[in-house]
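Student: Before anything else, here's the structure in question.
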Amino acid sequence: MRENPKLRVTLLTGRTIEQGVGKERGKASKEYMESVSVCYIDPEDLKKLGIKEKTNVLVSTDYGSVVVKAIKSLRGPHPEVVFIPYGPWANVVVDPETHSVGMPSLKGIPAEIEPAPDKPILSLEELLEEQFEKR
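Under the numbering used here, the sequence shown has 106 at position 106, and the numbering climbs by one with no breaks.
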């Protein structure tokens with residue numbers, strides 16, 4: 001069995017129209033989850049990973065790992081630069097340190113992506129339980 005390919009990338013996070021519309025439906029809504037539990041990836045990087053659009057991928061940084069759905073980016077080309085919309089899934093992989101300015105660093109985060117077709121995208125409730133389980 002061949003090991004999954006991994007790709008070193010730079011992660012950006014930010015707002016999207018879809019995220020804003022989903023948020024208006026409520027952060028517990030299916031629309032919100034589907035709008036923020038995604039990662040926009042350059043089409044050539046999808047090829048490098050050997051996956052098609054809508055395949056689950058594992059995004060890992062020094063701060064955490066999260067499974068999200070790969071979406072072909074319509075902007076670009078931007079090889080080895082990926083984008084996850086603001087939301088709980090992005091929060092798992094960004095540096096929580098605010099450096100005394102009240103906002104974490106949400107851009108330019110070194111990350112690694114690998115195919116994860118057999119791993120589920122956690123629901124909001126599951127994600128929060130995983131991240132904030134009582135110790």
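By construction, the Cβ of each residue, glycine as well, lies at the ideal position given by its N, Cα and C atoms.
1. The beta strand (DSSP E) spanning A70 covers which residue range?
2. Express the C-alpha separation of I51 and M1 in angstroms, rounding to a whole number.
3. With distances taken between CB atoms, is the gap from V9 to E80 smaller than 8 Å?
4. Please classify I41 as buried or exposed, where buried requires at least 16 other C-beta atoms within 10 Å of its C-beta.
5. Please report the straight-line C-alpha distance between V36 and Y86, rounded to a whole angstrom.
6. Who are the Cβ neighbours of R135 in its own chain at under 6 Å, not counting the five residues just before and after it?
7. Let's test the definition: count the other Cβ atoms within 10 Å of the Cβ of L122 and tell me whether it reaches 16, buried, or not, exposed.
Tutor: By the coordinates alone:
1. G64 to K72
2. Residue placement at M1 is poorly supported in this model, since its pLDDT is 46, which falls under 50; the coordinates still yield a value, given next. One C-alpha to the other measures close to 16 Å.
3. If you check the CB distance, V9 and E80 come in under 8 Å.
4. Counting Cβ neighbours within 10 Å, I41 comes out buried, since at least 16 surround it.
5. V36 and Y86 have their alpha carbons spaced roughly 7 Å apart.
6. Annotation note: pLDDT 49 at R135 (below 50); position unreliable, no value reported.
7. Its Cβ being crowded by 16 or more others within 10 Å, L122 is buried.
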